[in-house]
Amino acid sequence: MVSPEPSVLIDATAVPADRGGVGRYVDSLVSALDADGARIAVVCQQRDAELYSRLAPRSRIVPTKESIETRTARLAWEQTTLPGLVRRLGVDVLHSPHYTTPLASPAASVVTLHDATFFTDALLHSSVKARFFRGWTRVALNRASLCIVPSDATASELVRVARAHPRSMVVVRHGVDVERFHPPTQSEIDAARAAIGLSKMPYVAFLGALEPRKNVPALIRGFAKAVADRPDPPALVLAGQPGWDGQVERALDALPHRLRVIRAGYLAFSQLAGFLGGAEVVAYPSLGEGFGLPVLEAMACGVCVLTTSRLSLPEVGGDAVAYCGTGAGDIGAALAELLDDPARRAVLASAAERRAKEFTWSQSAERHRAVYARALAIHRRGWGVSDGSRSR
């Protein structure tokens, strides 16, 4: 007899208002699960209730009654109020998509762990954030029915640095939202150019938070090396939320005055395809990613992408992107080669667009549904830490 589809509550309360990588993961997953007919409910902050009603019209949307905008308030709500909501809704599985989860819940527990850099590269994060997410990663690996990780590299790293048992994790890759990330029309490119303050000048694009893990200071210095001797150098445009990397300002201060760097800040989603697809090169020289969603999104826009081969990035880019080292010299040399070779850029752009089509949210949703069913089976038979098969 086939077991019925488990009912799932997805906790979207940790999604930030600015819709960074975690937000795009949760939003896209919820939409794909709803479209696929999964039995889901979504609990979210009050500000997101209308959004999730649109993204998941067939699903139950449960806004929180209280304001939980701060991390402290949200964590308190997660541990005290969320378990009661799970009981009231009578769901089979609780999916916590951002590391933390209630320590006491009657349902099977699925937790998404996005990367292992809080262990491997702790200095790239604030000390408080690193300690917090290391602790909750260990809790999830020991207490959750199953953990979802987005790449083989992340799974391997968690085995190595957090002593996770491979059976406690399932690799489920992200997809790409092709409505937002696609080869842009000329009007989309023109609108993005207007938003960043460029008319016809070619540019190299970066999209992401200006935090140490993204290696932006090395990108700035590498860009200077790549274009310093060019009679008509392109601009470098840094788009995304400001982070806490103090080295960015120092790198910018050291640039020759003739080189133009634009800090575009946050761009609306409607402008991202035009911004990425209108660039000569999208440069993303990250020191390490759990998956690399910005690389995949740029690939889907049909543009030449330059990134590093650290951790999961080759799983996303394959042979369809260019790779470089993480130092300014390596970045500069690789960027100069691409800028000098329009034919290679065109080949990579076409390959990137084709490869991006292999990553769909519908496939990811199907894999998530399989994890939910497996987690419920594990929960019902009481498989846990006591049998010695989980992380220790």
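Per the numbering used here, the sequence shown runs over residues 9 to 400.
Glycine residues also receive a C-beta, built at the ideal position from the N, C-alpha and C atoms.
#1: What span of residues does the beta strand (DSSP E) with ILE76 cover, start to end?
#2: Comparing C-alpha positions only, which one of GLY205, ARG201, ASP198 and GLU288 sits nearest to PRO242?
#3: Tell me where the alpha helix (DSSP H) around ARG167 begins and ends.
#4: Thinking C-beta only, is MET307 closer than 9 Å to GLU345?
#5: Do you know offhand how far ARG68's Cα is from VAL179's?
#6: What does DSSP give as the partner residues of ALA330 in its beta bridges?
#7: Going straight from the alpha carbon of SER278 to that of ALA203, what length do you get?
#8: What residues in its chain sit with their C-beta under 7 Å from that of LEU384, if we drop five residues either side in the sequence?
#9: Where does the unbroken beta strand (DSSP E) through ALA49 begin, and where does it stop?
#10: So what does DSSP say about HIS376, is it helix, strand or coil?
#11: According to the Cβ coordinates, are ASP35 and PRO65 closer than 9 Å?
#12: Determine which residues share a DSSP beta bridge with ARG68 and list them.
#13: Assuming contact is defined by CB atoms lying nearer than 9 Å, are SER320 and SER135 in contact in what I supplied?
#14: Does THR88 pass the burial test, meaning 16 or more other C-beta atoms within 10 Å, or should it be called exposed?
#15: Do you know offhand how far GLY310's Cα is from HIS387's?
#16: Consult DSSP for MET177 and reduce its assignment to one of helix, strand or coil.
#17: Using a Cβ-Cβ cut-off of 6 Å (strictly less than) and excluding sequence neighbours within five positions of ALA403, which residues of its own chain qualify?
#18: Between GLY216 and PHE367, how many whole angstroms is the CB-CB distance? I'm expecting something under 8 Å.
#19: Look up LEU246 in the DSSP assignment and say whether it is helix, strand or coil.
#20: Measure the Cβ-Cβ separation of GLY298 and ASP123 and say whether it is below 9 Å.
#21: Count Cβ pairs between the stretch 71 to 90 and the stretch 348 to 358 that sit closer than 8 Å; are there 3 or more?
#22: Identify, in the order they occur along the chain, each residue of the same chain with its Cβ nearer than 7 Å to the Cβ of SER372, setting aside the five sequence neighbours on each side.
#23: Quick one: is ARG266 buried, meaning 16 or more other Cβ sit within 10 Å of its Cβ, or exposed?
#24: Considering VAL212, what are the terminal residues of the beta strand (DSSP E) in which it resides?
#25: With a cut-off of 8 Å on the beta carbons, I'd call GLY325 and VAL303 a contact; round off their distance for me.
#26: In angstroms with no decimal places, state the Cα-to-Cα distance between LYS222 and PRO12.
#27: In the DSSP assignment, the alpha helix (DSSP H) including ASP35 goes from what residue to what residue?
#28: With DSSP run on the structure shown, which of helix, strand or coil describes VAL154?
#29: Quick one: what's got a C-beta closer than 7 Å to ARG375's C-beta in the same chain, skipping five residues either side?
Checking against the coordinates, here is how it stands:
#1: That residue, ILE76, is in no beta strand (DSSP E); it is neither H nor E in DSSP.
#2: GLU288
#3: Looking at the sequence shown, residue 167 is not Arg but Val. First-last of the alpha helix (DSSP H) with VAL167: 160 to 170.
#4: no
#5: 27 Å
#6: LEU314
#7: 11 Å
#8: PRO14, ASP100, VAL101 and ALA116
#9: 48 to 52
#10: helix
#11: no
#12: ALA49
#13: no
#14: exposed
#15: 43 Å
#16: strand
#17: Past the boundaries of the shown model lies residue 403; the chain is included only from 9 to 400, so the question cannot be answered.
#18: Not a contact, Cβ separation roughly 18 Å.
#19: strand
#20: yes
#21: no
#22: LEU37, ALA40, VAL180, ARG181, HIS182 and GLY183
#23: exposed
#24: 211 to 215
#25: 6 Å
#26: 43 Å
#27: 29 to 43
#28: Per the sequence shown, the amino acid found at residue 154 is Leu instead of Val. LEU154 falls in the strand class under three-state DSSP.
#29: VAL180
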